[in-house]
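A.B. asks: Numbering (full-length UniProt numbering), first residue to last: 1 to 574.
All C-beta atoms, glycine included, are put in the ideal place defined by N, C-alpha and C.
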Amino acid sequence: MSSSAGFAAAHRSVASIRSGPSQGPSTPSRSISSTFGSPSTIRADDDIIVIELGSRLLRVGFAGDPVPKATLQCGPDEQRRVGDFRAWLDPTKTPGQAWSSEYELWRYDLSKVELGLVHDKLDRLMREAFSKFLLIDSKPRRMALVADPSLPLPLLSTVLDTAFGRFQAPMVSLLSPATMSAVAAGVRSALVIDIGWSETVVTSVYEYREVKTTRSVRAGKYFNNELYRKVLHPLIAEDQGKEANTVSEKSHGQENPTKEKMDRDRAVDVENEKDHRLSFDESEDIMRRLAWCRPTNRTSQRTSAQLETVEEQDENEAEAGSTTTPGADRTAHVPLQSSTPPKTIDVPFERIADVCGDVFFEPSMNLAHFDDHELPIHLLAYRHLAELPVDVRAICMSRVIFIGGCSNILGLKQRVIDETTSIIETKGWEPASGKAVDQLSNNSKLKWKPTKTPHLEQDRDEEDGLFSEQANDFDQFERGFMRPRKKDPPVQGHIRALHSVGPWTGASLACQLKIPAMATIDRELWLQQGVNGASRPNDVDVKAQQRQSMGAGGLIRGSGGQHTNWTLGKWGAI
């Protein structure tokens, strides 16, 4: 009995270690550590969505990616509703053709922009990007918006309302395209020339700060309108005139249409014309495929000077060959489907180059006839550099970066560099010009000549000898230890172009490296105060903002809302 009791006691003692019987059915606990969680949940907490807002397109992707996941455009086909079958209709029977206004997401002129429609367009494009390309759920995520600092405040407020209201973004950072282009090129300072759709913007960036910005209307929209008005519309009108003339001669024996009628057909107002002879899609497609810029004489002289051998030829042949470009007399056969009736026209490359030169450079007009908002690109870049401080100019002029869709036109970048260099070599950096300036510069009596002082030269020689004797006192080890490291001087003082992978990639890199943005908006403060709650940049403690900007809780969230001063930065200054 004692042994059985002992065994029972030992059994009870072992059972007491285990947990007692549970009441009812039990379900095993499934506690999954965050280390072994879903990769998508881990990435959703860290990812920042980078959005680049253009006048005609929207680029969306994750921070850290080299290229955006989606590039969406806003056109009539993307704005169709359910039951709209206009895409399958015959384009020749469509009443009127859509022109550039229906292909733009927004405009700087707010008198012609409906902000509610812009809000709906942005909402539709962003939802399409999130659901079809990013493949993410509706969880709130931080956003980085790459937008032009000259964006009007009502338009910027509409964009931020879309991000905070429809997509519940906890924080939105504003980034400048010029600065992000410099980051994408791997430089701290640059002269960024953005040849976009609505305008050309020249921005000087010095140590990641925008120093000066100038603008011109000579951009893609102006080029497309002039190409249609001066080349495409006359070709279609001539073709239709020939067909009508042939029919009329066969039936009534009438003569050719008069010159006044042809001139009246060529005088086309692209923006106000209701019924175009050509659709905007085909006009833009011709511009993208066939546009090219003729090189300057300076480029041809430089290329010929680099040749080692020169073939002998007749002077008349040489003069004739120097004035023409190889292949310039050729034409492109372009089929048109939107014209009535569909036809094929022959577009000469020479006329396209003439229009490109007139739009972006305007060589035949006097420089005094231009307004500040319509300067040619090379003159705009030169005046921009001339107004910069000397040290900023020396650094920026050696780091010229071209961005924008129209910068991809064949030969346009080299033409801008050559024309700007030619102006610098001819005029220097004198802002004034004219006969009086030329006489003043050529007057030898007004030129200052430095004189040498004998006793200063003698004192300098004695000091150099003293320094050389002191240097000999050091032994070899100390001289090697104290010798400064050799550093290559920065490239500056001459025009040089650099390649950049674009503002979106620069913003992706900056967000991945957790670089704080100077303009960051919190959702709670935006919903409480709106755009009127933004303070001036001078009223905000920048150091406190930088310490809290990219923390674990985000800007202002970790402090419990104590810091209520926030700013739109340069976006609120215009």
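With distance defined between alpha-carbon atoms, name the residue in R56, V60, A63, V67 nearest to P76.
C.D. replies: Here the question's residue 76 lines up with position 76 in the sequence shown. The candidate whose alpha carbon is nearest that of P76 is R56.
A.B. asks: Per DSSP, what kind of secondary structure is R415 in: helix, strand or coil?
C.D. replies: Taking the first residue of the sequence shown as 1, we reach residue 415 at position 415. Helix at R415.
A.B. asks: Could you pull out every unbroken alpha helix (DSSP H) segment of at least 4 residues lying fully inside the segment 140 to 206, listed in chain order?
C.D. replies: Those alpha helix (DSSP H) runs which fall completely within the segment 140 to 206 and span 4+ residues are 153 to 161, 177 to 185.
A.B. asks: Nearest-angstrom Cα distance between V67 and E128?
C.D. replies: On the sequence shown, residue 67 is found 67 positions in, with the first residue counted as 1. On the sequence shown, residue 128 is found 128 positions in, with the first residue counted as 1. The alpha-carbon atoms of V67 and E128 are separated by roughly 18 Å.
A.B. asks: L227 to S441, Cα distance in whole Å?
C.D. replies: For this step, residue 227 is matched to residue 227 along the sequence shown. For this step, residue 441 is matched to residue 441 along the sequence shown. If I take the Cα positions, the gap works out to 42 Å.
A.B. asks: Where do the N-terminal and C-terminal ends of the alpha helix (DSSP H) with R393 fall, by residue?
C.D. replies: The count along the sequence shown starts at 1 and reaches residue 393 at position 393. From DSSP, the alpha helix (DSSP H) with R393 extends over 390 to 396.
A.B. asks: Across the segment 203 to 214 and the segment 173 to 180, are there enough close Cβ pairs to call them in contact, namely three or more that are closer than 8 Å?
C.D. replies: Flag = yes, the segment 203 to 214 and the segment 173 to 180 touch.
A.B. asks: Measure the alpha-carbon distance for M143 versus E430 and round it to whole angstroms.
C.D. replies: For this step, residue 143 is matched to residue 143 along the sequence shown. For this step, residue 430 is matched to residue 430 along the sequence shown. Their backbone Cα atoms lie some 45 Å apart in a straight line.
A.B. asks: Please determine, among L367, A147, P295, the residue with the shortest C-alpha to C-alpha distance to G502.
C.D. replies: Position 502 of the sequence shown, counting from 1, holds the residue named residue 502. Measuring from the Cα of G502, the nearest candidate turns out to be A147.
A.B. asks: Using a threshold of 8 Å, state whether the C-beta atoms of I51 and C511 are closer than that.
C.D. replies: Here residue 51 refers to the residue found at position 51 of the sequence shown. Here residue 511 refers to the residue found at position 511 of the sequence shown. No. Outside cutoff.
A.B. asks: Which residues in the same chain have their Cβ closer than 7 Å to the Cβ of K221, if we skip the five residues on either side of it in sequence?
C.D. replies: Start at 1 with the first residue of the sequence shown, and residue 221 comes out as number 221. Within the same chain, K221 has close Cβ partners S100, W197, S198.
A.B. asks: Under the three-state reduction of DSSP, which class applies to R229: helix, strand or coil?
C.D. replies: Mapped onto the sequence shown, residue 229 falls at position 229. Here R229 sits in helix by DSSP.
A.B. asks: Check this for me: beta carbons of E374 and K212, under 8 Å apart or not?
C.D. replies: For the purposes of this step, residue 374 is taken as the residue at position 374 of the sequence shown. For the purposes of this step, residue 212 is taken as the residue at position 212 of the sequence shown. Cβ atoms of E374 and K212: not closer than 8 Å.
A.B. asks: At what residues does the alpha helix (DSSP H) containing S441 begin and finish?
C.D. replies: Here the question's residue 441 lines up with position 441 in the sequence shown. Run containing S441: 435 to 442, per the alpha helix (DSSP H) assignment.
A.B. asks: Looking at the unbroken alpha helix (DSSP H) that takes in K112, where does it start and where does it end?
C.D. replies: Against the sequence shown, residue 112 aligns to sequence position 112. Counting along the chain, K112 falls outside any alpha helix (DSSP H), and DSSP gives it neither H nor E.
A.B. asks: For F349, which of P342, C406, A332 has the nearest alpha-carbon?
C.D. replies: Walking along the sequence shown from the start, residue 349 turns up at place 349. Closest by alpha carbon: A332.
A.B. asks: Measuring alpha carbon to alpha carbon, tell me which residue in F280, F130, Q337, F402 is nearest V201.
C.D. replies: In the sequence shown, counting from the first residue as 1, residue 201 sits at position 201. Of the candidates F280, F130, Q337, F402, the one whose C-alpha sits nearest the C-alpha of V201 is F402.
A.B. asks: Is the Cβ-Cβ distance between I236 and I345 less than 8 Å?
C.D. replies: By 1-based counting over the sequence shown, the position of residue 236 is 236. By 1-based counting over the sequence shown, the position of residue 345 is 345. Cβ atoms of I236 and I345: closer than 8 Å.
A.B. asks: Considering only the beta carbon of each residue, do T71 and V118 sit closer than 8 Å?
C.D. replies: In the sequence shown, counting from the first residue as 1, residue 71 sits at position 71. In the sequence shown, counting from the first residue as 1, residue 118 sits at position 118. Contact flag unset, no.
A.B. asks: Give the straight-line distance between the Cα atoms of T420 and L379, rounded to the nearest whole angstrom.
C.D. replies: If you number the sequence shown from 1, residue 420 lands on position 420. If you number the sequence shown from 1, residue 379 lands on position 379. Computed Cα separation, rounded: 7 Å.
A.B. asks: Taking the C-alpha atoms as reference points, what is the distance between M415 and D438?
C.D. replies: Sequence index remark: in the sequence shown, residue 415 carries index 415 (1-based). Sequence index remark: in the sequence shown, residue 438 carries index 438 (1-based). Correcting the residue identity first, residue 415 is Arg in this sequence and not Met. Distance between the alpha carbons of R415 and D438: 27 Å.
A.B. asks: For the putative contact between I195 and A381, defined by C-beta atoms under 8 Å, what is the C-beta separation to the nearest angstrom?
C.D. replies: Taking the first residue of the sequence shown as position 1, residue 195 is located at position 195. Taking the first residue of the sequence shown as position 1, residue 381 is located at position 381. I195 to A381, Cβ: 11 Å. No contact.
A.B. asks: Can you name the start and end residues of the alpha helix (DSSP H) that S138 belongs to?
C.D. replies: Within the sequence shown, the letter at position 138 stands for residue 138. Looking at the DSSP string, S138 is not in any alpha helix (DSSP H), and its letter there is neither H nor E.
A.B. asks: Looking only at DSSP bridge pairs, what is I48 linked to?
C.D. replies: Residue numbering aside, residue 48 sits at position 48 when the sequence shown is read from its first letter. R142, per the DSSP bridge assignment.
A.B. asks: Is the CB-CB distance between residue 594 and G64 below 8 Å?
C.D. replies: Here the chain has residues from 1 to 574 only, and residue 594 is not among them.
A.B. asks: When we look at the beta-carbon of S189 and count the other beta-carbons within 10 Å, is it buried (16 or more) or exposed?
C.D. replies: Translated into positions along the sequence shown, residue 189 becomes position 189. Buried, by the Cβ-count rule.
A.B. asks: Bridge partners of K69, per DSSP?
C.D. replies: To locate residue 69, count along the sequence shown from 1; it is residue 69. The partner list for K69 (beta bridge, DSSP) is empty, contrary to what the question assumes.
A.B. asks: Please report the Cβ distance between D293 and I409, rounded to the nearest whole angstrom; I am assuming they are in contact, meaning their Cβ atoms lie under 8 Å.
C.D. replies: If you number the sequence shown from 1, residue 293 lands on position 293. If you number the sequence shown from 1, residue 409 lands on position 409. In the sequence as displayed, the identity of residue 293 is Cys instead of Asp. Indeed they touch by this definition, with Cβ atoms about 6 Å apart.
A.B. asks: Could you pull out every residue in the same chain whose Cβ sits closer than 7 Å to the Cβ of K427, ignoring the five residues on either side in sequence?
C.D. replies: For the purposes of this step, residue 427 is taken as the residue at position 427 of the sequence shown. Excluding sequence neighbours, K427 sits near S433.
A.B. asks: Whole angstroms are fine: how far does the CA of N225 sit from the CA of E282?
C.D. replies: As a working mapping, residue 282 is identified with position 282 in the sequence shown. As a working mapping, residue 225 is identified with position 225 in the sequence shown. Whole-angstrom Cα-Cα distance: 13 Å.
A.B. asks: Please list, in chain order, all residues of the same chain as W106 whose beta carbon is under 7 Å from its beta carbon, the five residues on each side excluded.
C.D. replies: As a first step, residue 106 is located in the sequence shown; it is residue number 106 there, counting from the start. The answer, listed in chain order, is S55, V113, V118, L155.
A.B. asks: If you draw a straight line from the C-alpha of T567 to the C-alpha of S173, how long is it?
C.D. replies: Counting from one through the sequence shown, the residue named residue 567 turns up at place 567. Counting from one through the sequence shown, the residue named residue 173 turns up at place 173. Approximately 11 Å between the Cα atoms of the pair.
A.B. asks: Who are the near neighbours of V392 in its chain, counting only those whose CB is closer than 7 Å to its CB and skipping five residues on each side?
C.D. replies: Sequence index remark: in the sequence shown, residue 392 carries index 392 (1-based). Once the five neighbours on either side are set aside, the close Cβ partners of V392 are S204, Y206, V211.
A.B. asks: So V347 and V334 are supposed to be a Cβ contact under 8 Å. How far apart are they, rounded?
C.D. replies: Working through the sequence shown from its first residue, we reach residue 347 at position 347. Working through the sequence shown from its first residue, we reach residue 334 at position 334. Contact flag correct, Cβ pair sits at about 5 Å.
A.B. asks: Alpha carbon to alpha carbon, how far is H233 from M287?
C.D. replies: To locate residue 233, count along the sequence shown from 1; it is residue 233. To locate residue 287, count along the sequence shown from 1; it is residue 287. Distance between the alpha carbons of H233 and M287: 14 Å.
A.B. asks: Could you work out which residue in F85, R80, L125 is closest to L58 when comparing CA atoms only?
C.D. replies: Here residue 58 refers to the residue found at position 58 of the sequence shown. The shortest Cα separation from L58 among F85, R80, L125 belongs to L125.
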